[in-house]
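K.L.:
In the working numbering, the protein residues as written are 328 to 696. Positions of the beta carbon are idealized from the N, C-alpha and C atoms, including for glycine. A quick note: this is a predicted structure, and the numbers were derived from the prediction, not measured. Can you read through this structure? Questions will come right after.
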């Protein structure tokens with residue numbers, strides 16, 4: 328086998344990269360690397376006592392006669408484990424002893440063949456605490472959960488298998504990113520913390536934002552009617568990723584819940600660009616319900632707020648009433664011209680608890696930044 332250069336085809340059917348963080352990324356690959364380094368160390372020590380007149384083979388089998396570079400290491404490993412009589416003898420021994428690893432192949436890639444992007448051209452948010460963290464879970468592009476110790480109980484395994492954008496309820500994570508069914512749920516040592524690793528300059532810096540804004544504009548262009556449950560990204564909220572709300576008719580003589588923006592403007596501290604929509608909504612507050620899933624919501628005061636369509640993540644979410652009352656239909660909800668509902672309007676939702684669909688929350692979260 329020759330050294331691999333940039334124009335050499337290896338003809339791999341597929342490749343995969345596994346990152347195990349049991350001991351700061353120590354796992355099978357780290358163990359294999361440690362074994363190979365120890366193998367080299369023993370031969371280097373043996374070479375110090377080797378007598379060239381003894382007739383015994385030189386423990387160092389490199390063209391330079393020493394082990395002083397990565398190329399020398401490559402030659403040592405390949406000459407013993409892969410090629411020639413030594414390589415075949417080692418493979419035969421591994422097979423006869425039924426070892427799980429019975430063959431190894433080494434590929435050389437020179438420094439010039441490794442693409443290293445300009446560090447000054449791309450910049451990412453720094454994830455602090457890597458050296459003291461042992462488990463990572465990708466929430467989405469640019470967002471990762473980390474914790475000080477790993478756990479693979481059933482509940483935590485479900486979180487890992489959920490994958491990015493699976494949603495808190497679907498994966499078993501609560502609103503504070505706790506795994507409420509974890510066997511270590513009460514121990515701070517196993518708490519997840521939310522970190523940003525998004526690209527902030529160069530590269531794909533605009534990717535997550537463009538995708539999120541595109542999602543909102545697409546949903547709005549399809550039409551939003553009064554009385555629909557919507558999920559809206561709460562970009563500036565440190566505690567909630569999305570807010571649940573019900574659209575309110577407050578435009579077009581109280582028959583429409585949104586109006587088109589024709590030029591850039593700032594309304595109530597929110598920026599709108601031409602082509603955006605301003606949408607009226609009644610927000611609902613998340614509560615810790617009996618299910619422990621943090622999917623329950625209730626409404627406080629009757630008050631209409633507004634948001635930009637670029638933050639819209641889900642329309643007509645499935646929401647179920649928990650007190651045995653009538654289910655939530657997409658009926659029209661109207662309001663007066665002021666920012667609050669009329670005081671004499673019958674309030675049929677005071678204290679009512681609603682439960683959001685876990686699947687709909689998962690879809691909405693998958694489009695958040």
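Restricting to Cα atoms, I'd like to know which of 360, 636, 641 and 676 is closest to residue 433.
P.N.:
360
K.L.:
Got a sec, what are the start and stop residues for the alpha helix (DSSP H) residue 539 sits in?
P.N.:
For residue 539, the enclosing alpha helix (DSSP H) covers residues 534-548.
K.L.:
Any idea what DSSP makes of residue 406, helix, strand or coil?
P.N.:
helix
K.L.:
Which residue marks the beginning of the alpha helix (DSSP H) containing residue 630, and which one marks its end?
P.N.:
Counting along the chain, residue 630 falls outside any alpha helix (DSSP H), and DSSP gives it neither H nor E.
K.L.:
Write down the C-beta distance between residue 607 and residue 633 rounded to the nearest angstrom, noting that I regard them as a contact closer than 8 Å.
P.N.:
6 Å
K.L.:
I need the straight-line Cα distance from residue 509 to residue 483, nearest angstrom please.
P.N.:
6 Å
K.L.:
Whole angstroms are fine: how far does the CA of residue 366 sit from the CA of residue 682?
P.N.:
60 Å
K.L.:
Taking 7 Å as the limit between beta carbons, can you name the residues of its chain near residue 535, skipping five residues before and five after?
P.N.:
468, 469, 525 and 696
K.L.:
In chain order, which alpha helix (DSSP H) runs of at least 4 residues are fully inside the region 503-530?
P.N.:
none
K.L.:
Is there contact between the region 622-630 and the region 594-608, where contact requires at least three CB pairs shorter than 8 Å?
P.N.:
no
K.L.:
Is it a yes or a no for the region 371-384 touching the region 418-435, going by three-plus beta-carbon pairs under 8 Å?
P.N.:
no
K.L.:
If I'm right that residue 631 touches residue 559 with Cβ under 8 Å, what's the distance once you round it to whole angstroms?
P.N.:
Not a contact, Cβ separation roughly 14 Å.
K.L.:
So for residue 597, helix, strand or coil by DSSP?
P.N.:
For residue 597, the secondary structure class from DSSP, reduced to helix, strand or coil, is strand.
K.L.:
In the region 447-482, which residue ranges form an unbroken beta strand (DSSP E) of at least 3 residues, counting only runs that do not cross its ends?
P.N.:
The qualifying runs are 462-467 and 470-474.
K.L.:
In terms of alpha-carbon separation, which member of 456, 567, 390 and 586 lies closest to residue 504?
P.N.:
567
K.L.:
For the region 354-389, which segments carrying the beta strand (DSSP E) assignment without a break, of at least 3 residues, lie completely within its bounds, in sequence order?
P.N.:
Taking only runs of at least 3 residues, no beta strand (DSSP E) segment lies wholly in the region 354-389.
K.L.:
Does DSSP put residue 484 in a helix, in a strand, or in coil?
P.N.:
helix
K.L.:
What is the rounded straight-line gap between the Cα of residue 488 and the Cα of residue 455?
P.N.:
25 Å
K.L.:
To the nearest angstrom, report how far apart residue 527 and residue 448 are at their CA atoms.
P.N.:
11 Å
K.L.:
My understanding is that residue 550 touches residue 573, with C-beta atoms under 8 Å, so please give their C-beta distance in whole angstroms.
P.N.:
Incorrect: roughly 16 Å between the Cβ atoms, too far for contact.
K.L.:
Just list the residues that DSSP pairs residue 606 with in beta bridges.
P.N.:
585 and 634
K.L.:
Does the distance from the CB of residue 556 to the CB of residue 610 come in under 8 Å?
P.N.:
no
K.L.:
If you compare alpha carbons, which of 372, 392 and 548 is closest to residue 587?
P.N.:
548
K.L.:
Could you check the C-alpha separation between residue 477 and residue 591 for me, to the nearest Å?
P.N.:
48 Å
K.L.:
For residue 517, which residues of its own chain have a beta-carbon under 7 Å away from its beta-carbon, when the five flanking residues on both sides are left out?
P.N.:
474, 476, 478, 509 and 511
K.L.:
May I ask which residues mark the beginning and end of the alpha helix (DSSP H) holding residue 591?
P.N.:
Per DSSP, residue 591 lies in no alpha helix (DSSP H) segment and is marked neither H nor E.
K.L.:
Identify which residue in 395, 391 and 410 has its Cα closest to the Cα of residue 368.
P.N.:
395
K.L.:
How about residue 450 and residue 529: are their beta carbons less than 8 Å apart?
P.N.:
yes
K.L.:
So if DSSP puts residue 578 in a beta bridge, which residue, or which two residues, is it bridged to?
P.N.:
583
K.L.:
Just curious, the beta strand (DSSP E) that residue 682 is in, first and last residue?
P.N.:
680-683
K.L.:
At the level of alpha carbons, what is the spacing between residue 635 and residue 603?
P.N.:
7 Å
K.L.:
Going by DSSP, what residue range makes up the alpha helix (DSSP H) through residue 415?
P.N.:
411-423
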